[in-house]
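Peer 1:
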Amino acid sequence: MKVTVVGAGNVGATCADVLAHREIANEIVLLDIKEGFAEGKALDIWESAPIGLYDSRTIGSTNDYSKTADSDVVVITSGLPRKPGMSRDDLIATNAGIVKTVTENVIKYSPNAVIIIVSNPLDVMTYCAYLNANTVPNKVFGMAGVLDTARYRSFLALELNVSPKDIQAVLMGGHGDTMVPLPRYTTVAGIPVTELIAEDRLNEIIERTKFGGGEIVQLLGTSAWYAPGAAAAQMVEAVVRDQKRIFPVCAWLQGEYGMNDIYLGVPVVLGKNGIEKIIELDLNDAEKALLAESAEAVKVVMNVLDEMNANA
Numbered sequence: 001m002k003v004t005v006v007g008a009g010n011v012g013a014t015c016a017d018v019l020a021h022r023e024i025a026n027e028i029v030l031l032d033i034k035e036g037f038a039e040g041k042a043l044d045i046w047e048s049a050p051i052g053l054y055d056s057r058t059i060g061s062t063n064d065y066s067k068t069a070d071s072d073v074v075v076i077t078s079g080l081p082r083k084p085g086m087s088r089d090d091l092i093a094t095n096a097g098i099v100k101t102v103t104e105n106v107i108k109y110s111p112n113a114v115i116i117i118v119s120n121p122l123d124v125m126t127y128c129a130y131l132n133a134n135t136v137p138n139k140v141f142g143m144a145g146v147l148d149t150a151r152y153r154s155f156l157a158l159e160l161n162v163s164p165k166d167i168q169a170v171l172m173g174g175h176g177d178t179m180v181p182l183p184r185y186t187t188v189a190g191i192p193v194t195e196l197i198a199e200d201r202l203n204e205i206i207e208r209t210k211f212g213g214g215e216i217v218q219l220l221g222t223s224a225w226y227a228p229g230a231a232a233a234q235m236v237e238a239v240v241r242d243q244k245r246i247f248p249v250c251a252w253l254q255g256e257y258g259m260n261d262i263y264l265g266v267p268v269v270l271g272k273n274g275i276e277k278i279i280e281l282d283l284n285d286a287e288k289a290l291l292a293e294s295a296e297a298v299k300v301v302m303n304v305l306d307e308m309n310a311n312a
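Right under this line is the structure:
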């Protein structure tokens with residue numbers, strides 16, 4: 001198995017490191033446009049193999065996509081990171097151009113690859129990749145909900161002083177301030193979270209989750225990377241090992257939840273073919289309203305990309 005990670009910055013390098021340590025692929029290619037950057041990161045990861053006791057080979061490349069040929073999965077993290085005071089939407093013009101170029105090069109050498117997008121603004125960058133990949137939509141999807149639910153679950157674990165291993169949650173909608181955590185589908189060892197945390201406190205945790213990325217940006221001065229990198233690696237593992245894991249991911253909707261022609265976070269089954277099934281939950285009216293609001297916010301940004309393409 002071969003996995004390529006495009007973008008050797010903090011998120012990409014973390015993803016490659018997790019993939020190597022977990023021996024998820026035989027070969028992991030790390031590619032970046034900055035001269036020597038990916039080679040250095042890949043070599044550093046490989047030199048930890050005798051310590052971590054793994055065999056996955058990490059190879060670096062400066063913009064030579066021929067080294068990515070025949071990849072089974074490609075993770076795209078390329079793009080400008082968010083800075084304090086910068087909205088995700090501010091990133092669209094620059095990052096759309098980057099994602100378009102990367103996707104075209106990836107598909108040239110690995111036409112059958114599953115493509116996982118991590119670049120921001122996540123939902124519209126996933127849409128951008130799909131427009132340029134010329135492949136089926138189940139093979140192009142975005143990493144958002146895995147990260148967002150991880151943050152949600154980590155906050156709940158702190159609140160309850162329990163292991164995060166026992167917390168399961170579903171989160172839908174766009175990756176950003178309009179995401180839709182669903183307390184009704186959140187459990188702690190099978191116990192509904194609503195029986196363990198008061199409603200007002202649970203709402204505070206949900207609000208913290210919605211702005212979880214921004215909280216990290218304010219603290220670090222740049223975007224998070226440990227959790228996003230690990231989240232992307234978990235999705236790669238589900239595909240490479242055909243695990244049939246149920247994750248919330250940014251998927252192309254064609255009628256599901258009454259929505260069409262939009263990339264939005266929904267629960268899916270991930271396996272060797274990418275998205276193997278989109279799961280439609282029986283949402284109540286309040287949940288449907290929140291999802292529709294989130295979808296509208298995503299659609300606005302998608303329309304910006306469509307207008308950019310039309311005027312190009």
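Note that this note's numbering has the sequence shown beginning at 1, numbered continuously upward. All C-beta atoms in this analysis are idealised placements derived from N, C-alpha and C, irrespective of residue type, glycine included.
#1: Alpha carbon to alpha carbon, how far is Leu219 from Arg153?
#2: From the DSSP secondary-structure annotation, give me the bridge partner or partners of Thr4.
#3: With H, G and I counted as helix, E and B as strand and the rest as coil, what does DSSP make of Lys277?
#4: With DSSP as the reference, identify every bridge partner of Gln254, one or two as the case may be.
#5: Going by Cα to Cα distance, which pick from Asp32, Thr58, Glu35 and Glu307 is closest to Asp44?
#6: For the alpha helix (DSSP H) holding Phe211, just list the boundary residues, first then last.
#7: Quick one: what's Thr101 bridged to in DSSP?
#8: Measuring only the C-alpha atoms, how far is Lys165 from Val146?
#9: Could you check the C-alpha separation between Ile98 and Ala133 for me, to the nearest Å?
#10: Counting Cβ pairs closer than 8 Å, one from the segment 5 to 23 and one from the segment 221 to 236, do we hit at least three?
#11: Quick one: what does DSSP say Leu294 is sitting in, helix, strand or coil?
#12: Leaving out five residues on either side along the sequence, give the residues of the same chain with a beta carbon under 7 Å from the beta carbon of Asp242.
#13: Taking all protein chains shown into account, do 16 or more other C-beta atoms lie within 10 angstroms of the C-beta of Val299, making it buried, or fewer, making it exposed?
#14: Between the alpha carbons of Leu31 and Leu196, how many angstroms are there, rounded?
#15: Quick one: grab the DSSP three-state call for Ser61.
#16: Unbroken alpha helix (DSSP H) runs of length 4 or more, entirely within the segment 137 to 167: which are they?
#17: CA-CA distance, Pro125 and Tyr54?
#18: Measuring only the C-alpha atoms, how far is Met179 from Ser294?
#19: If we count the other Cβ atoms within 10 Å of its Cβ and call it buried at 16 or more, is Ala8 buried or exposed?
#20: Over what stretch of residues does the beta strand (DSSP E) that includes Val114 continue unbroken?
#21: Take the Cβ of Ile279 as the centre, count every other Cβ of all protein chains shown within 10 Å, and call the residue buried at 16 or more, exposed below.
#22: Using DSSP with H/G/I as helix, E/B as strand and the rest coil, what is Pro50?
#23: Return the CA-CA distance between Ala251 and Gly190, expressed in angstroms with no decimal places.
#24: Whose C-beta lies closer than 6 Å to the C-beta of Ile117 among residues of the same chain, with five residues either side of it excluded?
#25: Do Gly274 and Val236 come within 8 Å of each other at the CB atom, strictly closer than that value?
#26: What first and last residue would you give for the alpha helix (DSSP H) that runs through Thr14?
#27: Note down, in chain order, each residue of its chain lying with its Cβ closer than 8 Å to the Cβ of Pro248, except the 5 sequence neighbours on either side.
Peer 2: Reading off the structure:
#1: For the pair Leu219 and Arg153, the Cα-to-Cα distance works out to about 20 Å.
#2: Looking at the DSSP assignment, Thr4 forms a beta bridge with Val29 and Val74.
#3: In the structure shown, Lys277 sits in a strand (DSSP, three-state: E or B).
#4: The beta-bridge partner set that DSSP reports for Gln254 consists of Asn260.
#5: Among Asp32, Thr58, Glu35 and Glu307, the Cα nearest to that of Asp44 belongs to Thr58.
#6: Per DSSP, Phe211 lies in no alpha helix (DSSP H) segment and is marked neither H nor E.
#7: DSSP, once it has assigned bridges, lists no residue as partnering Thr101.
#8: In a straight line, the C-alpha of Lys165 is about 14 Å away from that of Val146.
#9: Approximately 13 Å, taken between the alpha carbons.
#10: The answer is yes - the segment 221 to 236 touches the segment 5 to 23, with three or more Cβ pairs under 8 Å.
#11: The question names Leu, yet the displayed sequence has Ser at residue 294. DSSP places Ser294 in helix when its eight states are reduced to three.
#12: Result list for Asp242: Gly271 and Lys272, in chain order.
#13: The residue you asked about is not Val; residue 299 is Lys in the sequence shown. Lys299 comes out buried.
#14: Rounded to whole angstroms, Leu31 to Leu196 spans 45 Å at the Cα level.
#15: The answer is strand: DSSP assigns Ser61 an E or B state.
#16: Here the runs fully enclosed are 145 to 160.
#17: Per the sequence shown, the amino acid found at residue 125 is Met instead of Pro. Straight-line Cα distance between these residues: approximately 33 Å.
#18: Distance between the alpha carbons of Met179 and Ser294: 6 Å.
#19: Buried, because 16 or more other Cβ atoms sit within 10 Å of the Cβ of Ala8.
#20: For Val114, the uninterrupted beta strand (DSSP E) run begins and ends at Val114 to Ile117, by DSSP.
#21: Label assigned to Ile279: exposed.
#22: Helix, per DSSP.
#23: In a straight line, the C-alpha of Ala251 is about 27 Å away from that of Gly190.
#24: Around Ile117: Ile76, Met125, Thr126, Ala129 and Gly142.
#25: Going by C-beta atoms, Val236 is not nearer than 8 Å to Gly274.
#26: Its alpha helix (DSSP H) spans residues Asn10 to His21.
#27: Ala144, Gly145, Val146, Asp148, Thr149, Val170, Leu171, Met172, Gly265, Val266, Pro267 and Val268, listed in sequence order.
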